[in-house]
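Trainee:
Number of protein chains: 2
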Amino acid sequence: MAYQSALAALADPTRRHVLERLRGGPKSVGRIAHGMTVSRPAVSQHLKVLKQAGLVSDRAVGTRRVYYIDPKGLAAIRSWLDQFWEDALQSFKAEVEKKDVST
Amino acid sequence: MAYQSALAALADPTRRHVLERLRGGPKSVGRIAHGMTVSRPAVSQHLKVLKQAGLVSDRAVGTRRVYYIDPKGLAAIRSWLDQFWEDALQSFKAEVEKKDVST
DNA sequence: ACAAACCGTAAGTCATAACTTACGGTAAGA
DNA sequence: TCTTACCGTAAGTTATGACTTACGGTTTGT
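Chains A and B, in that order, are what the protein sequence lines are. Under our numbering, think of the first position of the first sequence as 169, with each following residue one higher. Under our numbering, think of the first position of the second sequence as 169, with each following residue one higher.
Rendered as structure tokens:
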């Protein structure tokens with residue numbers, strides 16, 4: 169899964185709120201939407217984005233759709249971030265200590 | 169630093185491209201913008217967002233402004249992600265194995 | 001002091017994405 | 001079978017944000 173779409177998906181506060189509500193375990197769309205400030209169709213649209221980003225998966229249970237967190241998307245961001253982390257620390261230390269001019 | 173602003177900042181491809189260009193070390197605004205498809209003012213605006221998100225810092229060198237990666241923003245995302253990771257794996261495993269219905 | 005280099009910001013345009021309501025389709029229950 | 005519950009999608013509106021050009025401020029060098 170591409171880290172780009174996962175980052176784009178996590179940029180939206182409402183989408184993060186949906187993810188937070190799935191933290192405790194799988195939930196149906198109606199249960200996710202219940203108590204939120206946006207409408208149920210809005211939640212459906214957000215779930216679609218989260219799914220395409222590999223952050224959630226779903227399965228059918230009767231007439232309901234149960235969504236749950238998929239580690240795939242999170243893993244994609246994690247590896248990208250870790251890869252970045254090394255160079256970041258090195259670049260930062262070199263900056264703070266040396267104070268050399270790189271035009 | 170808040171992880172929210174960092175995530176929002178990393179959602180934009182151009183902004184990620186700016187960060188990538190700082191991976192090798194500090195650079196002035198002109199040098200960052202050179203070779204990119206967008207204008208220099210656009211790069212300045214992106215740097216402002218990245219700075220507010222704690223992803224970059226800068227210092228003055230003569231008439232130039234040298235920017236460099238700040239680990240602060242990355243660390244914010246990292247800790248939030250790690251915090252999420254635990255529950256995500258647990259929730260995912262419970263889903264795949266048990267297949268129980270949580271309305 | 002004047003000119004040139006470098007950069008940030010203001011103002012305005014345009015695309016995108018986040019929301020709403022309305023609708024249709026499928027599964028369960030009477 | 002008919003109704004009800006649950007959900008996804010289409011269509012339309014509106015806010016937001018990414019970009020451009022224009023401008024002004026500051027520092028260096030002559």
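Just so you know, even glycine gets a beta-carbon here, dropped at the ideal spot from N, CA and C.
(1) Looking only at its own chain, which residues have a Cβ that is under 7 Å from the Cβ of Gly222 (chain B), when we skip the five neighbours before and after it?
(2) Which residues in the same chain as Arg232 (chain B) place their Cβ atom closer than 6 Å to its Cβ, once the five residues preceding and following it in sequence are excluded?
(3) Counting only runs of 3+ residues fully inside the region 231-256 of chain B, write out the beta strand (DSSP E) ranges in chain order.
(4) Could you give the distance in angstroms between the alpha-carbon of Gly198 (chain B) and the alpha-carbon of Asp226 (chain A)?
(5) Would you list the one or two residues that DSSP bridges to Asp226 (chain B)?
(6) What's the gap between the Cα of Thr182 (chain A) and the Cα of Asp250 (chain A)?
(7) I'd like the span of the alpha helix (DSSP H) that includes Ser173 (chain A), first residue to last.
(8) Say whether chain B places a C-beta atom closer than 8 Å to the C-beta of Thr271 (chain A).
(9) Would you verify that the beta carbon of Ser212 (chain A) is, or is not, closer than 8 Å to some beta carbon of chain B?
(10) Under 7 Å: does the beta carbon of Gln251 (chain B) sit that close to some heavy atom of the ligand NAD?
(11) Between the alpha carbons of Arg184 (chain B) and Met204 (chain B), how many angstroms are there, rounded?
(12) Between the alpha carbons of Ala228 (chain A) and Val234 (chain A), how many angstroms are there, rounded?
(13) State the DSSP-derived secondary structure class of Ser207 (chain A), mapped to helix, strand or coil.
(14) I'd like to know whether the C-beta of Ile237 (chain B) is nearer than 8 Å to at least one C-beta of chain A.
(15) Report yes if the CB atom of Leu190 (chain B) is closer than 8 Å to the CB atom of Val224 (chain B), and no otherwise.
Mentor: From the atom records:
(1) Stepping through the second sequence from its first residue, residue 222 (chain B) is reached at position 54. So the qualifying residues of the chain are Met169, Ala174, Asp238, Lys240, Gly241 and Ala244.
(2) Position 64 of the second sequence holds residue 232 (chain B). Closer than 6 Å at the Cβ level, and outside the excluded window around Arg232 (chain B), lie Ser196.
(3) 232-237
(4) The residue given as residue 198 (chain B) occupies position 30 in the second sequence. The residue given as residue 226 (chain A) occupies position 58 in the first sequence. The straight-line gap from Cα to Cα measures roughly 47 Å.
(5) In the second sequence, the residue the question calls residue 226 (chain B) occupies position 58. BP columns for Asp226 (chain B) point to B:Tyr235.
(6) On the first sequence, residue 182 (chain A) is found 14 positions in, with the first residue counted as 1. On the first sequence, residue 250 (chain A) is found 82 positions in, with the first residue counted as 1. So the two alpha carbons sit approximately 26 Å from each other.
(7) Counting from one through the first sequence, the residue named residue 173 (chain A) turns up at place 5. Element bounds for Ser173 (chain A): Tyr171 to Leu178.
(8) Against the first sequence, residue 271 (chain A) aligns to sequence position 103. At Thr271 (chain A), the pLDDT of 40 sits below 50, so the modelled position is not reliable; the number obtained from the coordinates is stated separately. So yes, Thr271 (chain A) belongs to the interface.
(9) If you number the first sequence from 1, residue 212 (chain A) lands on position 44. No, its Cβ sits nowhere closer than 8 Å to a Cβ of chain B.
(10) Judged by which ligands are present, the structure shown has none, so any question about the ligand NAD falls away.
(11) If you number the second sequence from 1, residue 184 (chain B) lands on position 16. If you number the second sequence from 1, residue 204 (chain B) lands on position 36. Between Arg184 (chain B) and Met204 (chain B), the C-alpha separation is close to 12 Å.
(12) Indexing the first sequence from 1 puts residue 228 (chain A) at position 60. Indexing the first sequence from 1 puts residue 234 (chain A) at position 66. When rounded, the distance between both Cα atoms is 6 Å.
(13) The residue given as residue 207 (chain A) occupies position 39 in the first sequence. Ser207 (chain A): coil per DSSP, three-state reduction.
(14) Residue 237 (chain B) sits at position 69 when you count from the first residue of the second sequence. Cβ-Cβ to chain A under 8 Å: yes for Ile237 (chain B).
(15) In the second sequence, residue 190 (chain B) corresponds to position 22, counting from 1. In the second sequence, residue 224 (chain B) corresponds to position 56, counting from 1. Result yes, Cβ atoms of Leu190 (chain B) and Val224 (chain B) sit closer than 8 Å.
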